[in-house]
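One structure is given here, and the rest of the page talks about it.
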Amino acid sequence: MAELTKLQVTEYRELGKLPNPFVFRDGTPVRTHEDWRRRRQELIATAVELQYGTMPPQPEFLEVEPLNRSGPGHIETFRIHTGTRACPFSFTMTVHRPNTDQPCPALVDGDQCYPIMNDLAVSNLFTQQGILVAKFNRCEIVPDMRGLPRNSRIYRAYPAHTFRAIGAWAWGYSRCVDALLQLGLMDEKCIAFTGLSRGGKTALVAGALDERATIVNPEAPCAGGSCYRIAMRAITEDGDEARSEELDDIVRAFPDWMGPDLPAYAGRVAQLPFDEHELKALVAPRVLFDSEAKSDIWANPLGAYQSNIAAREVYRFLGAEENLLWYWRDGYHAQTMEDFSMLQNLMLNRIQGTPLSGKFMNVPFDAPAPAFDWRCPEGD
Numbered sequence: 001m002a003e004l005t006k007l008q009v010t011e012y013r014e015l016g017k018l019p020n021p022f023v024f025r026d027g028t029p030v031r032t033h034e035d036w037r038r039r040r041q042e043l044i045a046t047a048v049e050l051q052y053g054t055m056p057p058q059p060e061f062l063e064v065e066p067l068n069r070s071g072p073g074h075i076e077t078f079r080i081h082t083g084t085r086a087c088p089f090s091f092t093m094t095v096h097r098p099n100t101d102q103p104c105p106a107l108v109d110g111d112q113c114y115p116i117m118n119d120l121a122v123s124n125l126f127t128q129q130g131i132l133v134a135k136f137n138r139c140e141i142v143p144d145m146r147g148l149p150r151n152s153r154i155y156r157a158y159p160a161h162t163f164r165a166i167g168a169w170a171w172g173y174s175r176c177v178d179a180l181l182q183l184g185l186m187d188e189k190c191i192a193f194t195g196l197s198r199g200g201k202t203a204l205v206a207g208a209l210d211e212r213a214t215i216v217n218p219e220a221p222c223a224g225g226s227c228y229r230i231a232m233r234a235i236t237e238d239g240d241e242a243r244s245e246e247l248d249d250i251v252r253a254f255p256d257w258m259g260p261d262l263p264a265y266a267g268r269v270a271q272l273p274f275d276e277h278e279l280k281a282l283v284a285p286r287v288l289f290d291s292e293a294k295s296d297i298w299a300n301p302l303g304a305y306q307s308n309i310a311a312r313e314v315y316r317f318l319g320a321e322e323n324l325l326w327y328w329r330d331g332y333h334a335q336t337m338e339d340f341s342m343l344q345n346l347m348l349n350r351i352q353g354t355p356l357s358g359k360f361m362n363v364p365f366d367a368p369a370p371a372f373d374w375r376c377p378e379g380d
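Per the UniProt record's numbering, the sequence shown starts with residue 1, numbered consecutively.
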């Protein structure tokens with residue numbers, strides 16, 4: 001395997017130490033796995049609800065309308081009707097089925113608005129290995145446009161909740177799981193969520209909250225999935241200097257994505273009561289696979305690394321350290337066939353024991369010292 005060339009980092013700033021996830025809000029330490037389950041609920045209130053708003057609840061109903069059914073080995077389309085009876089809404093789900101009538105492992109992806117997810121080569125990569133691919137266009141649930149009034153039907157269905165676009169899109173992943181189970185198409189033993197960039201944030205939030213997801217694969221989630229307390233500059237493969245996205249950037253440019261309380265921390269990141277290692281830790285002990293690209297400096301490679309190794313302490317505490325994986329490839333901000341091949345390899349490893357690629361756990365830079373001064377307690 002060819003080694004990645006090393007990233008030339010020109011600036012690295014630590015804006016504060018990463019908070020200790022093993023301490024309750026009242027100062028009590030986490031000592032047992034049962035303690036962690038309770039602490040996990042506190043972290044949802046900060047890493048999810050402060051960051052992305054309070055999430056929409058379970059729907060009052062969910063009905064699946066077939067639009068095109070062709071059977072195993074074909075592409076099928078369904079309309080998911082859901083929400084509340086007083087304010088229903090719907091979106092479409094496209095399902096690429098393996099050539100079997102048995103329930104299958106499944107990959108759910110909300111990025112059907114991206115060209116790569118309409119490339120049959122991606123779906124075929126999975127279906128030829130017996131993995132179903134379910135795609136939806138998250139923009140059907142809430143448009144991905146800046147400055148629109150908050151009047152999509154999902155907002156009107158749940159007016160008491162403060163979620164914005166990413167929370168709405170994340171909710172869509174779970175409704176696809178509901179629909180696939182209702183249709184009898186999916187094997188619950190292996191359900192993967194993935195997405196790129198804003199879709200990566202979405203997949204991470206969805207997987208943090210929906211414990212039916214057994215593999216959560218955010219790709220280059222940038223601010224909102226990397227690490228707010230780490231900032232950097234580096235030289236890309238093309239020789240240009242670029243910087244990482246910071247909290248101030250995302251709340252200024254994309255307020256439609258984030259929760260209404262997050263902008264209060266612009267300019268004072270050190271006071272933020274969470275960071276992304278705690279969002280990632282909500283996935284534990286299930287599989288978290290972080291996909292990144294070396295020259296995607298906006299996605300904050302060093303910040304992603306710091307939040308990964310901090311979240312790994314939670315995985316270690318739960319006896320599941322092998323379930324947190326990452327990899328970097330050469331290149332820029334995209335979800336490529338190489339990335340999907342790595343996810344396929346991981347899914348096949350968990351389904352049938354296929355050996356993992358040697359590309360996992362590579363780091364294309366000199367690893368910085370941990371940006372935290374705590375470690376996991378001894379487990380149960």
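Even glycine gets a Cβ: it sits at the ideal position worked out from N, Cα and C.
A Cβ-Cβ distance of about 6 angstroms is found for the pair valine 283 and glycine 207, placing them in contact under the 8 angstroms criterion. For glycine 184, the number of other beta carbons within 10 angstroms of its own is below 16, and it is reported as exposed.
For phenylalanine 89, the three-state secondary structure derived from DSSP is strand. Following the DSSP letters along the chain, one finds lysine 189 inside the beta strand (DSSP E) bounded by residues 186 to 196. Between isoleucine 230 and glycine 319, the gap from beta carbon to beta carbon reaches 7 angstroms or more. Exposed is the label assigned to glutamine 58, since fewer than 16 other Cβ atoms lie within 10 Å of its Cβ.
The C-alpha of leucine 348 is placed about 25 angstroms away from the C-alpha of proline 115.
For cysteine 190, the closest C-alpha among the options Arg286, Asp373 and Glu313 is that of Arg286.
By the Cβ criterion, the stretch 351 to 369 is in contact with the stretch 5 to 17, since at least three pairs of Cβ atoms, one from each stretch, lie closer than 8 angstroms. Among the bridge pairs identified by DSSP, threonine 77 is matched with Asn68 and Thr94. With a cutoff of 7 angstroms on beta-carbon distance, glycine 167 and lysine 201 are scored as not near each other.
In the displayed model, tyrosine 332 falls within coil according to three-state DSSP, outside both helix and strand. Taking a contact to require three or more Cβ pairs closer than 8 angstroms, the stretch 79 to 91 and the stretch 52 to 67 qualify as touching. Rounded to whole angstroms, the separation of the alpha carbons of isoleucine 235 and serine 295 is 8 angstroms. Sequence-distant Cβ neighbours of leucine 4 in its own chain, meaning closer than 7 angstroms and more than five residues away, are Lys294, Trp328, Asp330, Asn362 and Pro364.
Shown here, isoleucine 131 sits in coil according to DSSP, grouped into three states, outside any helix or strand.
Leaving aside the five residues that flank histidine 96 on each side, the residues in its chain whose CB is nearer than 6 angstroms to its CB run, in chain order, Ile75, Ser123, Thr127 and Val133.
Assignment of beta-bridge partners to phenylalanine 289 by DSSP yields Leu325. In the DSSP annotation of this structure, the continuous segment of the alpha helix (DSSP H) that includes leucine 180 starts and ends at 165 to 183.
DSSP places glutamate 14 inside the beta strand (DSSP E), whose first and last residues are 8 to 14. Annotation: the continuous alpha helix (DSSP H) that includes valine 251 extends over 247 to 253. Cysteine 104 has Met186 as its beta-bridge partners, per DSSP. Exclusion of the five residues before and after phenylalanine 22 leaves Pro29, Val30, Trp374, Cys376 and Pro377 as the residues of its chain whose Cβ lies within less than 7 angstroms of its Cβ. Residue pairing by DSSP puts valine 216 in a beta bridge opposite Phe193 and Leu288.
In the three-state reduction of the DSSP assignment, glycine 200 falls in the helix class. Bounds of the alpha helix (DSSP H) holding methionine 347 are 337 to 352.
For the pair of segments examined, the stretch 131 to 150 was found to touch the stretch 107 to 114: the number of CB pairs separated by less than 8 angstroms reaches three. Beta-bridge partners assigned by DSSP to aspartate 109: Lys135 and Thr194. DSSP lists His81 as the beta-bridge partner residues of glutamate 63. In the DSSP annotation of this structure, the continuous segment of the beta strand (DSSP E) that includes glutamate 241 starts and ends at 241 to 243.
The three-state secondary structure of proline 159, taken from DSSP, is coil. Ranked by Cα distance from phenylalanine 289, the options Asn118, Ala264, Ser307 and Leu272 are led by Ser307. Beta-bridge analysis with DSSP links isoleucine 230 to Glu14. For valine 283, the three-state secondary structure derived from DSSP is coil.
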